[in-house]
Every structure is written in C-alpha cells, then in structure tokens.
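Inspection log for the structure reproduced underneath, given as structure tokens.
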Amino acid sequence: MAKLRGRGIAAVNYPTGMNLGGDPSQALIHATTTGNFVVTLSSVDLGQGLRTIMTQITAEVLGIAPEAVMIDTADTDTGPHCMGTFASRTTHRVGNAIIMAATEARKVLLDVAGEELEVAPEDLETDGTGRIVVKGVPGKSISVQDAALAAHFKHGRTISGRGIYLKPRSYPDFETGAMDPDSCQAHACTIAEVEVDTETGDVRVLKLISAYEIGRAINPMMVEQQIVGGSWMGMSHALYETTEPYYPNRAHGPVDFLGYLMPGPADIPEYDAVILERPSTNGPFGAKGIGEMTANSPIPAIANAIFDACGARIDDLPITPEKVLRALDAAALAAQP
Amino acid sequence: MKSSYVSFTLNGEEKELLIEPGRRLVDVLREQCGATGTKNGCGQGSCGACTVHIDGVAMLSCLLPAELVDGSEIVTIEGVVRNRVLHVLQEAFLAQAATQCGFCTAGMIMAAKALLDCDPSPSRQAVIEALSGNVCRCTGYEPIIAAVLAAAATLAKRPAAAAAA
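Protein chains in written order, with our numbering: chain F, 37 to 373; chain L, 4 to 168.
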C-alpha cells in the first residue's frame with residue numbers, strides 16, 4: 037500500500053458556436069437623453085461575464101466610457117433574436133452583432149455632433165470619456181450627452197443602431213462529408229498531477245496546469261477566472277459529481293448539497309494557466325469562445341494521471357475510490373500467473 | 004401559535020417587527036427588511052449563501068427561526084459597507100476576481116469577515132476552514148482564498164484603530 041503519484045495530459049479543440057439551422061444573434065443599441073447607450077440583447081449573463089464583455093465591445097466601438105453603457109438582457113418576449121447562451125458562442129455572435137449596431141449608432145452620433153459643431157463628421161473623433169472632439173482642435177468639442185439632447189430636441193433623430201451576426205446553415209458535401217459547422221476553434225491542453233492512495237482508493241489532484249489558445253482575450257482577467265473555475269469543475273466531474281451514483285439504479289441519488297459531492301476549498305489543487313492570443317479571422321476583435329471548454333480537458337488529464345500513477349485505467353465517471361480499488365484488484369488478479 | 008414582536012438591530016438600525024412563528028431569519032431579512040444582499044441558497048444549511056453575523060458570530064440565517072434573534076445585533080452584507088466605502092474584503096474580492104455569478108459572494112464575505120474579526124492574520128489553512136461551509140460553483144475557490152489572504156495582508160499594514168473598524 038502506497039501513495040503513488042502520476043501525471044496525465046489531455047488536449048481539447050473546442051468549436052465556437054454551432055450552426056444547426058443557422059445561428060443568428062441580434063443587438064439593438066440606442067442613446068438615451070443622458071448620453072448613455074442601452075444595448076438590448078436576448079442573451080443571458082449567468083455568471084460568465086457577458087455584461088462586462090459586451091460593455092467593453094460597445095464602449096470600444098462607440099468611443100465612449102464603459103460606465104455610459106447599459107446592457108439590457110434576457111427578455112425573450114420583447115428582446116431581439118438570440119439563438120441562446122450556449123456553445124461558447126455569445127462573445128463571438130453577440131459581440132459581432134454589437135460591433136455592427138454600434139458602428140451604425142456611432143455614425144448618427146457623429147452626424148449630429150458634426151451639425152452642432154459645424155464640421156464634417158469625418159473630422160470628428162471620440163475621446164473615449166464622453167466627448168466628441170474636432171480632430172486636431174482639442175478646444176472644439178461637444179459632449180455625447182449634448183449630442184444626444186440635440187439629436188432628440190433639435191434634429192429629430194434617433195441615435196441608434198441595429199446589428200445581426202448570422203452564421204449561415206452549412207450542409208455537408210455528399211461526396212466528402214466536409215462541412216463548415218462552426219466559426220472558429222479554440223484549443224487547450226491540461227496537465228494533471230495526482231496522488232493515488234492504493235489503500236483507500238482516494239485520489240488527490242495536486243496540480244492542474246493548462247495552456248489556452250483562445251484568440252483575442254477581450255478581458256484577460258475573466259479568461260483566467262474561467263480557466264481556474266473550469267479546472268475546478270473538470271476535477272469535480274472527474275472525481276466527485278454524479279446525480280446517479282448507482283446507475284442504472286436511480287436509488288440513493290443525491291437530492292441536495294449535503295449528498296451531492298463536490299470538492300470544497302480544502303480539496304483544490306494548484307492551478308496555473310497560460311493564455312495564448314492568436315486572433316481569429318471572424319470574431320469580434322479576433323475573439324473566440326472560452327466558455328464551456330475549460331471543464332473538458334481536466335477530466336481525461338486526471339484519468340490519465342491516475343493510470344500513470346497506479347495502472348488503473350478507468351473510463352467511467354466519476355472516478356470514485358471504489359472504482360480505483362476495484363481496478364487495482366482486477367489488475368492484481370490479471371497479473372497473477 | 005401567534006405572531007410575536009421581535010426586536011434586534013440590523014446593521015446598527017433598531018428594528019421591531021411582527022414575525023410569524025417559525026419564520027426563518029433569511030426571509031425576515033429579505034422580505035420584511037428589504038436586505039436582499041443575503042441570499043437564500045439551499046435553505047437547509049449546506050451552502051452558506053445566507054451567512055450573516057449574529058452578535059459577531061457567522062451564522063446561517065436559513066436555519067434560524069427569527070424569534071431566536073430577539074435582542075441581538077445582526078450584521079448583513081449591507082452593513083459591511085461603511086459610508087459608501089467598500090470593506091477591505093470587498094476590495095480584495097474585486098482585485099482578485101473572486102466573484103463570478105455572485106450568488107455566493109455575500110455569504111463568503113460574511114464568513115471571511117467573521118474570521119478576520121477574530122484572527123486578522125490567518126493562515127491559509129484557517130481561511131480554508133472558515134470558508135468550508137460555503138459553496139461556490141464558479142470560481143474554483145482559489146481566487147476567494149487569495150482574496151481573504153490579500154485582505155488580511157492589507158489589514159496588517161493599517162494602524163490598529165483602522166483595522167478594528
């Protein structure tokens with residue numbers, strides 16, 4: 037009986053979005069009288085940070101401060117069309133739709149500001165903090181709010197924009213089977229280091245080290261968050277979580293957090309991640325999706341590390357101490373002459 | 004059983020409320036006091052999202068009949084902010100990106116604050132133990148542990164009077 041250490045590796049190529057019957061998302065933007073911009077979406081922020089990313093993209097394209105952007109999400113009765121918040125697609129699809137909508141809204145904003153300042157709109161630039169300035173003439177400017185008020189009260193115009201990004205449906209080629217199912221792919225690799233107690237079957241994950249190639253990281257801090265949280269969730273799927281511990285017998289399944297096993301703060305490994313940015317050709321500012329993939333590669337990496345540590349090859353999740361001990365017993369039996 | 008009047012202070016403010024028998028403190032806080040920063044997660048004491056301070060001790064408000072807090076001082080996440088200034092723990096949670104969906108955050112901060120209030124420079128192991136009753140499904144816990152340790156380090160650099168606040 038011993039505590040054996042092992043290392044395992046696994047890689048993942050993850051598609052950004054999918055097309056099924058075509059994959060559209062829309063964004064609608066309008067300026068309020070305060071010079072804030074409301075972005076109306078039907079995507080949902082469920083903790084992945086959609087509001088932050090969409091605020092950044094809107095502010096960047098409009099040339100205004102992030103504080104002046106309001107993201108209004110998730111009323112599918114009244115909102116524009118969105119296929120949904122899944123398939124790691126939102127940054128790519130909705131981000132592209134926002135770029136289109138914000139570009140249209142910016143044109144109206146600069147048209148109105150040009151009228152007010154009596155210059156051509158091409159001679160204007162935004163300073164990113166709420167003012168529209170005549171290029172090369174810092175003293176000659178108008179605030180975004182005054183431009184919005186002028187649009188409403190003097191010019192009778194609506195500072196707004198419509199955006200849609202459509203990934204068209206792709207059919208497979210009958211001869212070759214080739215098709216175009218996604219927009220781009222992100223790539224990652226995880227190395228897991230584990231310690232297996234051959235007496236109890238208990239597995240401890242010591243390290244989860246990952247490298248991610250995800251196009252442009254629109255918000256690098258949130259990318260790192262996603263990787264660390266996904267590493268934890270991957271470890272949780274690999275070793276702890278199941279709704280049917282005695283499958284196919286459904287008895288004794290967990291019904292609450294008391295019975296549903298998850299690693300707590302005392303069970304976490306050392307996490308580390310490297311982010312490689314190779315911009316995609318069709319994502320907003322070169323972004324790809326890094327939503328769901330982060331929980332993928334840790335699972336086979338941990339299973340491989342267990343095999344490396346003790347020779348138990350387990351392909352049924354979660355890898356419980358019971359399964360480890362049974363696999364070790366089977367291996368010992370098979371080794372007998 | 005009849006409803007009864009229960010008095011306590013909530014974040015320094017005197018409260019006297021008519022409370023139905025057996026009503027959980029978390030419901031009183033959220034529905035009768037409007038203090039919705041405290042989250043009702045599992046409702047059975049296994050997730051920690053409803054953690055509040057009763058007389059300085061971190062407790063689960065989903066397991067407490069509100070009658071039992073009569074005469075107590077209650078502090079919720081709303082009381083951690085002073086004069087619209089974030090607590091050092093809240094600043095550390097922001098800096099360490101220790102929150103994602105945010106549902107566990109109030110409970111995490113209340114559990115961590117109870118620790119720092121009695122042990123201003125805890126070991127990593129002590130932080131882990133203090134957070135062990137709180138579930139997070141997003142962050143992988145490491146950023147939260149890092150935030151509590153960072154907050155403790157910030158407190159250590161401050162004069163004692165400020166740290167007590």
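Ideal placement from N, C-alpha and C gives every residue a C-beta, glycine not left out.
All of these numbers come straight from a predicted model, not from anything done at the bench.
Discussion item. Once the 5 residues before and after P217 of chain F are set aside, which same chain residues still bring their CB inside 7 Å of it?
Written reply: Looking up residue 217 of chain F in the first sequence gives position 181. Hits under 7 Å: P51, M54, N55 and S206.
Discussion item. Is V264 of chain F close to chain L? Criterion is C-beta to C-beta, closer than 9 Å.
Written reply: Your numbering for residue 264 of chain F matches position 228 in the first sequence. It does: the Cβ of V264 of chain F has a partner Cβ on chain L nearer than 9 Å.
Worksheet entry | Whole runs of the beta strand (DSSP E) within the stretch 176-243 of chain F, excluding any shorter than 3 residues | 196-203 and 221-233
Discussion item. Please report whether the beta-carbon of G327 of chain F lies at a distance below 9 Å from any beta-carbon of chain L.
Written reply: Here residue 327 of chain F is taken as the residue at index 291 of the first sequence, counted from 1. Answer no: the Cβ-Cβ gap between G327 of chain F and chain L never drops below 9 Å.
Practice prompt. Look at G327 of chain F and T126 of chain F and say whether their C-beta atoms are less than 9 Å apart.
Written response: Taking the first residue of the first sequence as position 1, residue 327 of chain F is located at position 291. Taking the first residue of the first sequence as position 1, residue 126 of chain F is located at position 90. Going by C-beta atoms, G327 of chain F is nearer than 9 Å to T126 of chain F.
Worksheet entry | Chain-ordered chain F contacts of V83 of chain L [CB-CB under 7 Å] | Residue 83 of chain L sits at position 80 when you count from the first residue of the second sequence. What V83 of chain L touches in chain F: nothing, since even the nearest Cβ is about 21 Å away.
Discussion item. If we define contact as Cβ-Cβ less than 9 Å, is E94 of chain L a contact residue for chain F?
Written reply: Here residue 94 of chain L is taken as the residue at index 91 of the second sequence, counted from 1. No, no contact with chain F.
Item to complete: Tell me whether V60 of chain L is buried or exposed, calling it buried when 16 or more other Cβ atoms sit within 10 Å of its Cβ.
Response: The sequence position of residue 60 of chain L within the second sequence is 57, counting from 1. Exposed, because fewer than 16 other Cβ atoms sit within 10 Å of the Cβ of V60 of chain L.
Practice prompt. Classify C118 of chain F as helix, strand or coil using the three-state DSSP reduction.
Written response: Against the first sequence, residue 118 of chain F aligns to sequence position 82. In the structure shown, C118 of chain F sits in a strand (DSSP, three-state: E or B).
Fill in: Proximal residues to A137 of chain F (C-beta, below 7 Å), its chain only, five neighbours per side dropped
Within the first sequence, numbered from 1, the residue matching residue 137 of chain F stands at position 101. Result list for A137 of chain F: A63, L64, I65, G197, R198 and G199, in chain order.
Worksheet item: Just reading off the beta strand (DSSP E) that Q62 of chain F is part of, what are its end residues?
Response: Position 26 of the first sequence, counted from the start, is the residue given in the question as residue 62 of chain F. From DSSP, the beta strand (DSSP E) with Q62 of chain F extends over D59 to A67.
Worksheet item: In this structure, what does DSSP give as the bridge partners for K39 of chain F?
Response: On the first sequence, position 3 is the one that residue 39 of chain F refers to. DSSP, once it has assigned bridges, lists F:D233 as partnering K39 of chain F.
Discussion item. Measuring straight from C-alpha to C-alpha, what distance separates R87 of chain F and P315 of chain F?
Written reply: If you number the first sequence from 1, residue 87 of chain F lands on position 51. If you number the first sequence from 1, residue 315 of chain F lands on position 279. For R87 of chain F and P315 of chain F, the distance between alpha carbons rounds to 22 Å.
Item to complete: Would you mind working out which of L:I148, L:N43 and L:D120 sits nearest H90 of chain L, comparing C-alpha positions?
Response: The residue you call residue 90 of chain L lines up with position 87 of the second sequence. Of L:I148, L:N43 and L:D120, the residue nearest in Cα terms is L:D120.
Item to complete: Identify whether S124 of chain F lies in helix, strand or coil by the three-state DSSP scheme.
Response: Looking up residue 124 of chain F in the first sequence gives position 88. Coil at S124 of chain F, not helix or strand.
Worksheet item: Which first and last residues belong to the alpha helix (DSSP H) in which E81 of chain L is found?
Response: Numbered from 1 along the second sequence, position 78 holds the residue referred to as residue 81 of chain L. Per DSSP, E81 of chain L belongs to no alpha helix (DSSP H) and is neither H nor E.
Worksheet item: Does any residue of chain F bring its CB to less than 9 Å from the CB of Q1 of chain L?
Response: Here chain L covers residues 4 to 168 and nothing more, so residue 1 of chain L does not appear.
Discussion item. By the DSSP assignment, the beta strand (DSSP E) with K18 of chain L in it spans what residues?
Written reply: Here the question's residue 18 of chain L lines up with position 15 in the second sequence. Its beta strand (DSSP E) spans residues E16 to I22.
Fill in: Whole-angstrom distance between N332 of chain F and M264 of chain F, CA atom to CA atom
As a working note, residue 264 of chain F is residue 228 in the first sequence. As a working note, residue 332 of chain F is residue 296 in the first sequence. Before going further, note that residue 264 of chain F is Val rather than Met in the sequence given. Rounded to the nearest angstrom, the two C-alpha atoms are 12 Å apart.
Item to complete: With 7 Å as the limit, tell me which residues of the stretch 39-73 of chain L have their beta carbon closer than that to any beta carbon of chain F; keep them in chain order.
Response: C45, Q47, S49 and C50
Fill in: Sequence-distant residues of the same chain with beta carbon closer than 8 Å to A168 of chain L, five excluded per side
By one-based count along the second sequence, residue 168 of chain L stands at place 165. Unreliable placement is indicated for A168 of chain L, whose pLDDT of 49 sits below 50; the coordinate value is still reported in the next sentence. Closer than 8 Å at the Cβ level, and outside the excluded window around A168 of chain L, lie R85.
Discussion item. Classify D59 of chain F: buried if its beta carbon has 16 or more other beta carbons within 10 angstroms, exposed otherwise.
Written reply: Counting from 1 along the first sequence, the entry for residue 59 of chain F is found at position 23. The residue in question, D59 of chain F, is buried, as its Cβ has 16 or more Cβ neighbours within 10 Å.
Discussion item. Strictly under 9 Å for the Cβ-Cβ distance: is D292 of chain F near chain L by that measure?
Written reply: Locating residue 292 of chain F in the first sequence gives position 256, counting from the first residue. Closer than 9 Å to some Cβ of chain L, the Cβ of D292 of chain F qualifies, so yes.
Worksheet item: Roughly how many whole angstroms lie between the Cα atoms of R362 of chain F and V241 of chain F?
Response: For this step, residue 362 of chain F is matched to residue 326 along the first sequence. For this step, residue 241 of chain F is matched to residue 205 along the first sequence. Between R362 of chain F and V241 of chain F, the C-alpha separation is close to 20 Å.
Item to complete: Give the residues of chain F in contact with S126 of chain L, contact being defined as C-beta atoms less than 8 Å apart.
Response: If you number the second sequence from 1, residue 126 of chain L lands on position 123. Neighbours of S126 of chain L on chain F: none; closest Cβ ~13 Å, over 8 Å.
Worksheet item: Between P336 of chain F and chain L, is there a C-beta pair that is closer than 9 Å?
Response: As a first step, residue 336 of chain F is located in the first sequence; it is residue number 300 there, counting from the start. For P336 of chain F, the answer is no, since every Cβ of chain L falls outside 9 Å of its Cβ.
Discussion item. Taking the alpha carbon of T157 of chain L as the reference point, which residue from L:P68, L:A98, L:V72 and L:L21 has its own alpha carbon closest?
Written reply: As a position in the second sequence, residue 157 of chain L is number 154, starting the count at 1. Among L:P68, L:A98, L:V72 and L:L21, the Cα nearest to that of T157 of chain L belongs to L:A98.
Practice prompt. Leaving out five residues on either side along the sequence, give the residues of the same chain with a beta carbon under 8 Å from the beta carbon of D352 of chain F.
Written response: The count along the first sequence starts at 1 and reaches residue 352 of chain F at position 316. Hits under 8 Å: K359.
Discussion item. Looking at the secondary structure, which residues open and close the beta strand (DSSP E) in which I107 of chain F lies?
Written reply: Locating residue 107 of chain F in the first sequence gives position 71, where the first residue counts as 1. Taken as a continuous stretch (DSSP letters only), the beta strand (DSSP E) holding I107 of chain F covers V105 to D108.
Worksheet item: Looking at G42 of chain F and P336 of chain F, is the spacing between their C-beta atoms short of 9 Å?
Response: Position 300 of the first sequence holds residue 336 of chain F. Position 6 of the first sequence holds residue 42 of chain F. Contact: no.
Practice prompt. Note the first and the last residue of the continuous alpha helix (DSSP H) segment covering M329 of chain F.
Written response: Numbered from 1 along the first sequence, position 293 holds the residue referred to as residue 329 of chain F. Counting along the chain, M329 of chain F falls outside any alpha helix (DSSP H), and DSSP gives it neither H nor E.
Worksheet item: Which residues in the same chain as A186 of chain F place their Cβ atom closer than 7 Å to its Cβ, once the five residues preceding and following it in sequence are excluded?
Response: The residue given as residue 186 of chain F occupies position 150 in the first sequence. Contacts found: V148 and E152.
Discussion item. According to DSSP, is M269 of chain F part of a helix, a strand, or is it coil?
Written reply: Taking the first residue of the first sequence as position 1, residue 269 of chain F is located at position 233. In the structure shown, M269 of chain F sits in a helix (DSSP, three-state: H, G or I).
Discussion item. So the candidates are F:K324, F:D344, F:I93 and F:L98; which of them puts its Cα closest to the Cα of A224 of chain F?
Written reply: Here residue 224 of chain F is taken as the residue at index 188 of the first sequence, counted from 1. Residue F:K324 is the option with its Cα nearest to A224 of chain F.
Item to complete: Give the residues of chain L in contact with I304 of chain F, contact being defined as C-beta atoms less than 7 Å apart.
Response: Locating residue 304 of chain F in the first sequence gives position 268, where the first residue counts as 1. G143, Y144 and E145, listed in chain order.
Fill in: Strand pairing of A341 of chain F, partner residues [DSSP]
For the purposes of this step, residue 341 of chain F is taken as residue 305 along the first sequence, with counting starting at 1. None, per the DSSP bridge assignment.
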